[in-house]
Each structure stands twice: as structure tokens, then as C-alpha cells.
Amino acid sequence: MNLETIYHVEKFSQNQLDDVNLLLEHGWVLLQIGQTNFRYDVHDFAVGADKTFILGASKTVFEDFNLELYQFNKDVERAANNLSFRLNKAKEDKEREKRLGSYSDVFETLDDDLPF
13 MNLETIYHVE KFSQNQLDDV NLLLEHGWVL LQIGQTNFRY DVHDFAVGAD
63 KTFILGASKT VFEDFNLELY QFNKDVERAA NNLSFRLNKA KEDKEREKRL
113 GSYSDVFETL DDDLPF
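Take any residue in the sequence shown, note its place counting from 1, add 12, and you have its number in my numbering.
Set out below in C-alpha cells:
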């Protein structure tokens, strides 16, 4: 990818590797890996840092797949599954009510059967 074709750039920390891999699978390009937040020991030697990933995408790749679009699609799918579950449950409840009719008690007790 040429730098002229980059339309959108995102920065991710090492804790967001799932997002990085997801974008890479969908055509995004890894532009740079860097380090931030250097940690030092008591002698002021650098002992570690947080890795940073810079990813870029062309306009077509960004419009086809980005994290906002991915999250929106997941939310729509979750809502559709929830609606489907609720409709199936309502259908089962209606069929059960139809089978049982208005009969709701397993047995019937008359006043004459009571000891008081």
C-alpha cells in the first residue's frame, strides 16, 4: 500500500490484539509497530514498554470493514437473535396454551372435600 492511498489510520495498544488481527484479516495494513510508556527500574534502565500498533486502510477497505461497522453488525445480529428467540418462545407458549386450553390446575378441589 502506498502512503498516498491511505484513507484512515488507527492506533491500538498491545491489549487490543484481537481488534488488530480482525482488521488485518479484512484488508487493513500494519504500518508500524512502536513502543510507548517506557518503564524504568531503580537505576533508570528501561525495563519494558507498551507495544503500539498503527494500522491503515484505503478508502474502499475502510468503507467495507471497520470496527464501528463490525460492532454495528454484531449488535444487529444480537438483536435479531434475541427477537427470533422471543418469537419462538411466544409461539411455543401459544401452542402449549392451545394444547392445555384454559385448564391450568392438575386437580380440582371442591368445598365438600375440605375438612373445615
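The beta-carbon is built from N, C-alpha and C at its ideal position, and this holds for glycine as well. Just so you know, these numbers come straight off a predicted model, no measurement behind them.
Q: Would you check if the distance between the CB atom of glutamine 26 and the CB atom of lysine 63 is smaller than 8 Å?
A: yes
Q: Please list, in chain order, all residues of the same chain as valine 32 whose beta carbon is under 6 Å from its beta carbon, the five residues on each side excluded.
A: Phe24 and Phe65
Q | DSSP state of aspartate 76 mapped onto helix, strand, coil | A | helix
Q | Three CB pairs or more closer than 8 Å across the stretch 66-76 and the stretch 42-58 | A | yes
Q.
Would arginine 51 and glycine 60 qualify as a contact pair, given that the criterion is a beta-carbon distance under 8 Å?
A. yes
Q: Taking methionine 13 as the reference, give the member of Val73, Asn49 and Asp30 with the closest Cα.
A: Val73
Q. By a C-beta neighbour count over all protein chains shown, 10 Å radius and 16 as the cutoff for buried, is leucine 35 buried or exposed?
A. buried
Q | Distance between asparagine 93 and glutamate 104 (C-alpha atoms, nearest Å) | A | 16 Å
Q) For histidine 20, which option in Asp56, Ala91, Asp53 and Asp76 has the closest C-alpha, if you only look at C-alpha atoms? A) Asp76
Q) Is DSSP giving asparagine 94 helix, strand or coil here? A) helix
Q) Name the DSSP bridge partner or partners of arginine 51? A) Gly60
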